[in-house]
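J.:
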Amino acid sequence: MNRIRIAIQKSGRLSERSLALLQSCGLRFARSKDKLYWYGQDFPVDLLLVRDDDIPRILLDGVCDLGIVGQNIALEVVRECDGTGLEELRGLGFGRCRLSIAVPEQTQISSIADLDGCRIATSYPALTSSLLEKRGVSAQMVKLSGSVEIAPGLGTADAISDLVSTGTTLRANHLVELEVLFESTAALYGQKVSLPDEKQALLNRLLARLDGVLQAAESKYVMLHAPRDAVEEITRLLPGAENPSLMNLEGDPTRVALHAVCREALFWEHLEALKGAGASAILVLPVEKMLG
Ligand code: PRT
Ligand code: ZN
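Take the sequence shown: its position 38, counting from 1, is numbered 700 in my numbering, and each next residue is one higher.
1) In its own chain, which residues sit with a C-beta less than 8 angstroms from the C-beta of residue 734, not counting the 5 before and 5 after it?
2) Does the contact criterion of 3 or more C-beta pairs under 8 angstroms hold for the region 846-861 versus the region 742-751?
3) Go ahead and label residue 732 buried or exposed: buried means 16 or more other beta carbons lie within 10 angstroms of its beta carbon, across all protein chains shown.
4) Say yes only if the C-beta of residue 804 is nearer than 7 angstroms to one or more non-hydrogen atoms of ligand 1, and no if none qualify.
5) Give a yes or no on whether the C-beta atoms belonging to residue 917 and residue 888 are separated by under 8 angstroms.
6) Name the DSSP beta bridge partners of residue 823, please?
7) Going by the C-beta, is residue 713 closer than 7 angstroms to any heavy atom of ligand 2?
8) From 674, 822, 666 and 667, pick the residue whose C-alpha is nearest to that of residue 848; which is it?
9) Measure from the alpha carbon of residue 817 to the alpha carbon of each residue in 804, 828 and 865, then state which is nearest.
10) Would DSSP call residue 695 helix, strand or coil?
11) Evaluate contact between the region 805-815 and the region 716-731, counting only Cβ atoms and requiring at least three cross-stretch pairs below 8 angstroms.
12) Name the one or two DSSP bridge partners that residue 882 has.
13) If you pair each beta-carbon of the region 828-844 with each one of the region 679-695, do three or more pairs fall below 8 angstroms?
14) Considering only heavy atoms of ligand 1, does any lie closer than 7 angstroms to the CB of residue 726?
15) What residue from 708, 724 and 925 has the CA that sits closest to residue 697's CA?
16) Tell me where the alpha helix (DSSP H) around residue 954 begins and ends.
17) From the DSSP output, which residues share a beta bridge with residue 690?
18) Suppose you measure from the CA of residue 909 to the CA of residue 884; what does that come to, to the nearest Å?
19) Taking all protein chains shown into account, decide if residue 828 is buried (16 or more other Cβ within 10 angstroms of its Cβ) or exposed.
20) Please classify residue 939: does DSSP put it in a helix, a strand, or coil?
As structure tokens, this is what we get:
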């Protein structure tokens with residue numbers, strides 16, 4: 663059957679962004695009553711809504727072709743050894759967090775090396791121990807599926823390895839971040855298998871749309887007026903811009919209108935530098951879709 667099935671998180675930090683991303687690829691779904699399986703309309707892509715932890719297994723078992731999940735979850739399964747059939751197809755840039763080692767405010771541990779032989783509470787034992795082993799540290803993993811941050815206070819671990827975003831949870835539990843082990847974002851995963859031609863063609867079409875959405879999200883359309891003799895310098899100052907369009911300005915032969923797509927983030931500092939180089943009437947517009 664030439665339909666693609668994608669597993670996404672049913673309810674949690676990744677749910678809304680995962681669905682919104684697929685919708686911006688032009689996918690629409692008929693929501694079923696039990697809300698676990700959504701049938702794709704217009705485009706043969708269906709959704710399965712599940713707990714995020716189940717997504718790698720669902721892919722490895724071939725229940726779904728694609729899944730959107732945090733790299734933290736996928737890599738834990740990969741490190742556990744049976745996840746080598748998973749392939750990261752695209753990083754998606756949302757659900758950002760870091761897997762960090764944190765220790766009690768009062769502790770003898772002051773560096774990663776001091777963790778040798780210590781007990782570390784974590785929901786990511788395989789990923790944590792492999793990242794520590796790369797640094798020559800061998801520690802004992804205490805696997806917990808939640809409330810990892812209370813383990814040191816209970817005396818069941820000397821340190822924790824947990825996801826951090828704002829750091830509020832650590833502070834509330836009198837823990838300090840010792841070091842970031844790994845930066846994670848949500849990613850689109852697939853199986854490392856070859857698909858029948860038609861299904862592969864469908865997947866390629868979906869990936870091309872996804873690339874268009876991801877590129878557009880970073881891109882900005884810039885319009886400005888520039889002195890004719892500063893066009894080269896101004897083009898150089900536009901991040902990720904190629905071949906701008908130039909147009910004459912009626913009544914002013916010394917200046918031109920310049921339009922360009924910037925494919926990298928554009929900050930106030932960039933705009934200030936453009937102004938410094940003689941640009942005026944600078945307008946920055948969002949880009950909704952991009953193809954080719
Ligand atoms: O029910 P289900 O199993 O599907 O969801 P879940 O509760 O296991 O996962 P959920 O929705 O909390 O997280 C889904 C994914 O979001 C994670 O796998 C990460 O990839 C990503 N993510 C991003 C985070 C965080 N930020 C995050 N801060 N996941 C968890 N946290 C937790 C962290 O474990 C800690 O308890 O938030 C706390 C720390 O947050 P701060 O802001 O206090 O530092
Ligand atoms: Zn989960």
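The beta carbon of each residue, even a glycine, is placed where N, CA and C say it ideally should be.
T.: Looking at the coordinates:
1) Correct list, in chain order: 759, 761, 786, 789, 825, 844 and 846.
2) With the cut-off at 8 angstroms, the region 846-861 and the region 742-751 touch.
3) Burial call: buried.
4) No - ligand 1 has no heavy atom lying nearer than 7 angstroms to the Cβ of residue 804.
5) With contacts defined as CB atoms closer than 8 angstroms, residue 917 and residue 888 qualify as a contacting pair.
6) Answer by DSSP bridge pairing, in chain order: 763 and 784.
7) Residue 713: yes, Cβ under 7 angstroms from ligand 2.
8) For residue 848, the nearest C-alpha among the options comes from 674.
9) For the residues 804, 828 and 865, the minimum Cα distance to residue 817 belongs to 804.
10) Of the three classes helix, strand and coil, the one that applies to residue 695 here is coil, per DSSP.
11) Contact between the region 805-815 and the region 716-731 is not established, with fewer than three Cβ pairs separated by less than 8 angstroms.
12) BP columns for residue 882 point to 924 and 948.
13) Here the region 828-844 makes no contact with the region 679-695; the two share fewer than three CB pairs at distances below 8 angstroms.
14) Residue 726: no, Cβ never under 7 angstroms from ligand 1.
15) Out of 708, 724 and 925, 708 has the C-alpha closest to the C-alpha of residue 697.
16) Per DSSP, residue 954 lies in no alpha helix (DSSP H) segment and is marked neither H nor E.
17) Bridge partners of residue 690: 703.
18) Whole-angstrom Cα-Cα distance: 14 angstroms.
19) Of the residues assessed, residue 828 falls on the exposed side of the cut-off, its CB having fewer than 16 other CB atoms within 10 angstroms.
20) In the structure shown, residue 939 adopts coil according to DSSP, grouped into three states.
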